[in-house]
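Novice: My structure is below; once you've seen it, I'll send some questions.
Number of protein chains: 2
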Amino acid sequence: MEAQTQFLELQTIGRQAKETEPILGILKEEQKNQILMEAANLLIQETEQILAANEKDMKNGQAKGMKDGLLDRLKLTPERIQGMAEGLRQIAKLPDPIGEIMSERTPSNGLEIRQVRVPLGVIGIIYESRPNVTADAFGLCFKTGNAVVLRGGSDAIFSNQAIVETLQNALTKHGVPAEAIQLLTDTSRETASAFMKLNQYIDVLIPRGSASLIATVVNNSTIPVIETGSGNCHIYVDEGADLNMAVEIVFNAKTQRIGVCNACESLVVHEKIKDSFLPLLRDKLSEAQVELRGDSSAAEVVPMKQATEEDWGREYLDYILSVKTVSSIEEAVAHINHYNTGHSEAIVTENPEHAEQFLREIDAAAVYVNASTRFTDGFEFGFGAEIGISTQKLHARGPMGLEALTSYKYKIYGNGQVRG
Amino acid sequence: MEAQTQFLELQTIGRQAKETEPILGILKEEQKNQILMEAANLLIQETEQILAANEKDMKNGQAKGMKDGLLDRLKLTPERIQGMAEGLRQIAKLPDPIGEIMSERTPSNGLEIRQVRVPLGVIGIIYESRPNVTADAFGLCFKTGNAVVLRGGSDAIFSNQAIVETLQNALTKHGVPAEAIQLLTDTSRETASAFMKLNQYIDVLIPRGSASLIATVVNNSTIPVIETGSGNCHIYVDEGADLNMAVEIVFNAKTQRIGVCNACESLVVHEKIKDSFLPLLRDKLSEAQVELRGDSSAAEVVPMKQATEEDWGREYLDYILSVKTVSSIEEAVAHINHYNTGHSEAIVTENPEHAEQFLREIDAAAVYVNASTRFTDGFEFGFGAEIGISTQKLHARGPMGLEALTSYKYKIYGNGQVRG
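Each protein sequence line maps, in turn, to chains E and X. Going by my numbering, the first sequence opens with residue 841, and the numbers climb by one from there. Going by my numbering, the second sequence opens with residue 841, and the numbers climb by one from there.
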């Protein structure tokens, strides 16, 4: 009986979201921007209420013995709410992709065929305990004319409710249905599981969070998923590389921000330069107390713990770097293609042929020559905002800007054509 | 024990397909075209052996009491083999999309970012008993640098094996690994089910065939799926339409080919013209003995069976047409958006505002003004070939040409950039 009520709520939310599609799909860019600016203002205005709701989540978290790192992700402050508002204002400034004519053709049948960019429809977002995702996901989905159904973590439920109510107020103030953004308040696993099979109403599901969350969604969803995956990112330092540049790039990619998917987790180094390069790198990395784990050939040069098979596949998200020595660029490419997660990979080299070979043969969303892997990011790519970084090959790959939240339709103009 | 052996074969096939990726991805256009032409020639050369293998399948099918329609799909003739060869030659003539620079940008960080078109990787195709799909899928996947793993129906196993061997001979003659095309010879359900979860090796799965086959794949696959769906296609005849044009369009869309996904299954007619239009249409459709099933308002004009709720949602693939009367274009749009499958929808109208409203508000891959829905097709759209018609919104929508079998990567050129 209870389960039936749960799923009834889910059906209702799904149907209501779907019903907003025709309205959202034809909103003018100005209207959408006005509502985004309104939502930003209301978030600031409602700061006290949002903080009070967040305080409840924080108390529950502390009572449950949540770890400091997670509590920090959960915590809202006036500055963080300002950050959310600023995020919405920035999205308002981005050009609206909806309605763009992507291609036009007139085949011999005389039909005029226009490929026009349209919203995806209803986007489901499944995430964990970062309440800022709530406003962020709304902004990106709403700007692209999509309805959004959010399933956040139970730890952030009060914060998410307060934020969603505020965003809904911005919508209704401008005559747009509040159901353009909805939050699942039932955060049970059973409802999450049913949500992942709501193909009737949800067009696309985007999981945002840990590798295990993403794996759960990929394995259980019957709705198409955009996988925003983890990053086991490598930097290959080639024979003849500029060693000082290589030291700076590895240091930046490893230590500039430790817990992110585009941080470097593994160094691959050509054996001919290991004697000169590894001591330089060790000295620099010791500034940030980075632990090295390498194969025996690397350990001959700089004492380090022996890397195990498991190390090559690990996304440490920590001050640890694995070190693999190779005798050729081919061996480097094979090692990286075997262990990488299709995210970001870099070569440091002065050899243009090796650069092109690496760019061509490495199978990843972003492949760099002589730059830090940390640049894989919607803002750094000039997209202005991002919904995540796709590590799959279907639909969108790499940093996903507004266009990743769109589809297209063909509008076809005839004058009585029938098929012969 | 047997199950383990099965899955071991599957693992081997997947791994071998994946291993061809780096080789296929960098083949030059000329090489690919040579191999396609070679494959076409070998199919003709091997006609006798392929027909002998097909004869075995036909005998098994007859012994099992397969229906005539299915036997006809299974049957190969010298003409049909020539058709397969001609299909490969046509694919050879299409421009190769791989390597195309889709966009270039240099953000303020000074990185030069190129978005370059690449193959998807390994494509899995699950289909039923049409052996021509075997050559067709190979041609499209190979031209776009993808490896393909085929899982055809058990009914066509001997035909498929003969065709695959011939295609593999074309590959090896030109020094390309035969594993670029592989066929699962174990056609059990268990292996099919394991195949749909082979995320480690298969990048995309494309089901081709009946609605139930497609539903099984969508519901069971953990690999991203491109859904090539069924078509419950409508034609709305608006108030003030050119009635003769409307008769020709409905007749064509309903009867020109009955069993295809872009055939018209339902007529929506404005009540103000039903008295003049329905008798005209009935007279024309009676040439092809089309049965009408309508609401009571339509039945007042032309006697017909009462349509049930089930009729509105049916893809008949038969000489039957449902007839719904409406009192406005809004009601027509609402009806169609409720029952359609997102495939192809048409309006016949002389009112340009109604045309634009219909094009904008109908949620489908292809929306037509004053033309038959039968044009939704890769050849008619000028793509030259198609792998299917997508009814989902992710990745590709509508007729899918070669580009639908590609992804992209970002190649990024730096000169020592690190992130601040």
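Where a beta carbon is used, it is the ideal one built from N, C-alpha and C, also for glycine.
So Tyr1159/E packs on Ile1098/E, CB below 8 Å; how close in whole Å?
Specialist: If you number the first sequence from 1, residue 1159/E lands on position 319. If you number the first sequence from 1, residue 1098/E lands on position 258. About 6 Å separates the two Cβ atoms, so the contact holds.
Novice: Among Thr887/E, Pro935/E and Ala1205/E, which has the Cα closest to the Cα of Thr917/E?
Specialist: Stepping through the first sequence from its first residue, residue 917/E is reached at position 77. The candidate whose alpha carbon is nearest that of Thr917/E is Thr887/E.
Novice: Counting only Cβ-Cβ distances shorter than 7 Å, please list the residues of the segment 1229-1254 of chain E near chain X, keeping chain order.
Specialist: Going along the segment 1229-1254 of chain E in chain order, one finds Gln1232, Lys1233, Leu1234, His1235, Arg1237, Gly1238, Ser1247, Tyr1248, Lys1249, Tyr1250, Lys1251, Ile1252, Tyr1253 and Gly1254 with a Cβ nearer than 7 Å to chain X.
Novice: In its own chain, which residues sit with a C-beta less than 7 Å from the C-beta of Val1057/X, not counting the 5 before and 5 after it?
Specialist: Here residue 1057/X corresponds to residue number 217 of the second sequence, with the count starting at 1. The answer, listed in chain order, is Ile966, Met1036, Leu1045, Pro1047 and Val1065.
Novice: Taking a contact to mean a Cβ-Cβ separation below 7 Å, would you say Ala987/E touches Val962/E in this structure?
Specialist: Within the first sequence, the letter at position 147 stands for residue 987/E. Within the first sequence, the letter at position 122 stands for residue 962/E. Yes; because the gap between Cβ atoms is below 7 Å, this pair is in contact.
Novice: Which stretch, first to last residue, makes up the alpha helix (DSSP H) that contains Cys981/E?
Specialist: As a position in the first sequence, residue 981/E is number 141, starting the count at 1. Residues Asn972 to Lys983.
Novice: So, at 7 Å on beta carbons, what are the nonlocal neighbours of Glu849/E in its own chain, with the 5 sequence-adjacent residues on each side left out?
Specialist: Within the first sequence, residue 849/E is the residue found at index 9, counting from 1. So the qualifying residues of the chain are Asp1026.
Novice: Could you check where the beta strand (DSSP E) with Asn1210/X kicks off and where it finishes?
Specialist: Start at 1 with the first residue of the second sequence, and residue 1210/X comes out as number 370. From DSSP, the beta strand (DSSP E) with Asn1210/X extends over Ala1206 to Ala1211.
Novice: Contact defined as beta carbons within less than 8 Å: I believe Leu864/X pairs with Gly985/X. What is the distance between those atoms, to the nearest angstrom?
Specialist: As a first step, residue 864/X must be located in the second sequence, where it is residue number 24. As a first step, residue 985/X must be located in the second sequence, where it is residue number 145. Going by Cβ atoms, the distance from Leu864/X to Gly985/X rounds to 5 Å, so yes, they are a contact pair.
Novice: With a Cβ-Cβ cutoff of 7 Å, do Ser1184/X and Thr1216/X count as a contact?
Specialist: If you number the second sequence from 1, residue 1184/X lands on position 344. If you number the second sequence from 1, residue 1216/X lands on position 376. Taking 7 Å as the Cβ cut-off, Ser1184/X and Thr1216/X qualify as a contacting pair.
Novice: Can Tyr1250/E and Glu952/E be called in contact, C-beta distance under 7 Å?
Specialist: Locating residue 1250/E in the first sequence gives position 410, counting from the first residue. Locating residue 952/E in the first sequence gives position 112, counting from the first residue. Cβ distance not < 7 Å, so Tyr1250/E and Glu952/E don't count as in contact.
Novice: Going by the CB atoms, is the gap between Gly901/E and Leu883/E shorter than 7 Å?
Specialist: The count along the first sequence starts at 1 and reaches residue 883/E at position 43. The count along the first sequence starts at 1 and reaches residue 901/E at position 61. Taking 7 Å as the Cβ cut-off, Leu883/E and Gly901/E do not qualify as a contacting pair.
Novice: Apart from the five residues just before and just after Ser1033/X, which ones in its own chain have a Cβ nearer than 7 Å to its Cβ?
Specialist: The residue you call residue 1033/X lines up with position 193 of the second sequence. Taken in chain order, the residues that qualify are Asn1060.
Novice: CA-CA distance, Ala1263/E and His1235/E?
Specialist: Only positions 841 to 1260 of chain E appear in the structure, and residue 1263/E is not among them; the question remains open.
Novice: Does His1178/E pass the burial test, meaning 16 or more other C-beta atoms within 10 Å, or should it be called exposed?
Specialist: Indexing the first sequence from 1 puts residue 1178/E at position 338. With fewer than 16 other Cβ atoms within 10 Å, it is exposed.
Novice: What span of residues does the alpha helix (DSSP H) with Leu1116/E cover, start to end?
Specialist: Numbered from its first residue, the first sequence carries residue 1116/E at position 276. Checking the sequence shown, residue 1116/E turns out to be Ser, not Leu. First-last of the alpha helix (DSSP H) with Ser1116/E: Lys1114 to Ser1126.
Novice: Under three-state DSSP, which class holds Met841/E?
Specialist: Here the question's residue 841/E lines up with position 1 in the first sequence. In this prediction, Met841/E has a pLDDT of 39, which is less than 50 and means its spatial position is unreliable; nothing more can be read from the coordinates.
Novice: Which term fits Glu1149/X, buried or exposed, when burial requires 16 or more other beta carbons within 10 angstroms of its beta carbon?
Specialist: The residue labelled residue 1149/X in the question sits at position 309 within the second sequence. With fewer than 16 other Cβ atoms within 10 Å, it is exposed.
Novice: Between Ile1202/E and the ligand SAM, is there a pair consisting of the residue's CB and a ligand heavy atom that are separated by less than 6 Å?
Specialist: By its list of ligands, the structure shown contains no ligand whatsoever, and the ligand SAM lies outside what it can speak to.
Novice: To the nearest angstrom, how far is the alpha carbon of Leu1083/E from that of Gly1222/E?
Specialist: Translated into positions along the first sequence, residue 1083/E becomes position 243. Translated into positions along the first sequence, residue 1222/E becomes position 382. About 29 Å.
Novice: Give the range of the beta strand (DSSP E) segment to which Tyr1250/E is assigned.
Specialist: Against the first sequence, residue 1250/E aligns to sequence position 410. Segment Thr1246 to Gln1257, the beta strand (DSSP E) holding Tyr1250/E.
Novice: Measure the beta-carbon distance from Gln856/X to Gln1008/X and round it to whole angstroms, keeping in mind my assumption that it falls under 8 Å.
Specialist: Taking the second sequence and counting its residues from 1, the one referred to as residue 856/X is at position 16. Taking the second sequence and counting its residues from 1, the one referred to as residue 1008/X is at position 168. The Cβ separation is near 12 Å, so there is no contact.
Novice: Report the residue from Val989/E, Arg1154/E, Asn949/E and Ser999/E whose alpha carbon sits nearest the alpha carbon of Ser1070/E.
Specialist: Residue mapping note: residue 1070/E aligns to position 230 of the first sequence, counting from 1. Of Val989/E, Arg1154/E, Asn949/E and Ser999/E, the residue nearest in Cα terms is Arg1154/E.
Novice: Apart from the five residues just before and just after Lys1124/X, which ones in its own chain have a Cβ nearer than 6 Å to its Cβ?
Specialist: Position 284 of the second sequence holds residue 1124/X. For Lys1124/X, where only same-chain residues beyond five positions count, the Cβ hits under 6 Å are Val1087 and Phe1091.
Novice: Give a yes or no on whether the minimum CB-CB distance between Ser1052/X and chain E is below 7 Å.
Specialist: Sequence index remark: in the second sequence, residue 1052/X carries index 212 (1-based). Chain E, which has no Cβ nearer than 7 Å to the Cβ of Ser1052/X, makes this no.
Novice: Return the chain-ordered list of same chain residues with a C-beta closer than 6 Å to the C-beta of Ser1106/X, the five sequence neighbours on each side being excluded.
Specialist: Residue 1106/X sits at position 266 when you count from the first residue of the second sequence. So the list reads His1074 and Ser1162, once near-sequence residues are dropped.
Novice: Just list the residues that DSSP pairs Ser1137/X with in beta bridges.
Specialist: Within the second sequence, residue 1137/X is the residue found at index 297, counting from 1. For Ser1137/X, which the question treats as bridged, DSSP gives no partner whatsoever.
Novice: If you draw a straight line from the C-alpha of His1014/X to the C-alpha of Glu968/E, how long is it?
Specialist: Locating residue 1014/X in the second sequence gives position 174, where the first residue counts as 1. Locating residue 968/E in the first sequence gives position 128, where the first residue counts as 1. Looking at the two C-alpha atoms, the distance is approximately 52 Å.
Novice: Sort out for me which residues DSSP pairs Val988/E with in a bridge.
Specialist: Start at 1 with the first residue of the first sequence, and residue 988/E comes out as number 148. Per DSSP, Ile963/E and Ile1021/E.
Novice: Output needed for Ala1139/X: all residues of its chain with C-beta closer than 7 Å, excluding positions within five of it in sequence on either side, in chain order.
Specialist: For the purposes of this step, residue 1139/X is taken as the residue at position 299 of the second sequence. For Ala1139/X, where only same-chain residues beyond five positions count, the Cβ hits under 7 Å are Gln1146.
Novice: Excluding sequence positions up to five away, which residues of its chain have a Cβ less than 7 Å from the Cβ of Asn1039/X?
Specialist: For this step, residue 1039/X is matched to residue 199 along the second sequence. So the qualifying residues of the chain are Thr1062 and Ile1063.
Novice: Let me make sure I understand the geometry here. Which of Val956/X, Leu980/X and Leu960/X has the alpha-carbon closest to that of Leu934/X?
Specialist: Numbered from 1 along the second sequence, position 94 holds the residue referred to as residue 934/X. Among Val956/X, Leu980/X and Leu960/X, the Cα nearest to that of Leu934/X is on Leu980/X.
Novice: Specify the secondary structure class of Gln1008/X as computed by DSSP and reduced to three states.
Specialist: Stepping through the second sequence from its first residue, residue 1008/X is reached at position 168. Helix at Gln1008/X.
Novice: Quick one: residues in its chain with C-beta nearer than 6 Å to the C-beta of Tyr1076/E, no 5 flanking neighbours on either side, listed in chain order?
Specialist: Here the question's residue 1076/E lines up with position 236 in the first sequence. Here the set comprises Val1108, Ala1172 and Ile1187.
Novice: Kindly provide the ranges of any alpha helix (DSSP H) runs that are 4 or more residues long and lie completely inside the segment 908-959 of chain E, ordered along the chain.
Specialist: For the segment 908-959 of chain E, whole alpha helix (DSSP H) runs of length 4 or above, ordered along the chain, are 908-914 and 918-933.
Novice: Would you report the Cα separation of Met841/X and Ile1042/X, rounded to the nearest angstrom?
Specialist: The sequence position of residue 841/X within the second sequence is 1, counting from 1. The sequence position of residue 1042/X within the second sequence is 202, counting from 1. A caution first: Met841/X carries a pLDDT of 39, below 50, which makes its placement in the model unreliable, though a value can still be read off. Between Met841/X and Ile1042/X, the C-alpha separation is close to 24 Å.
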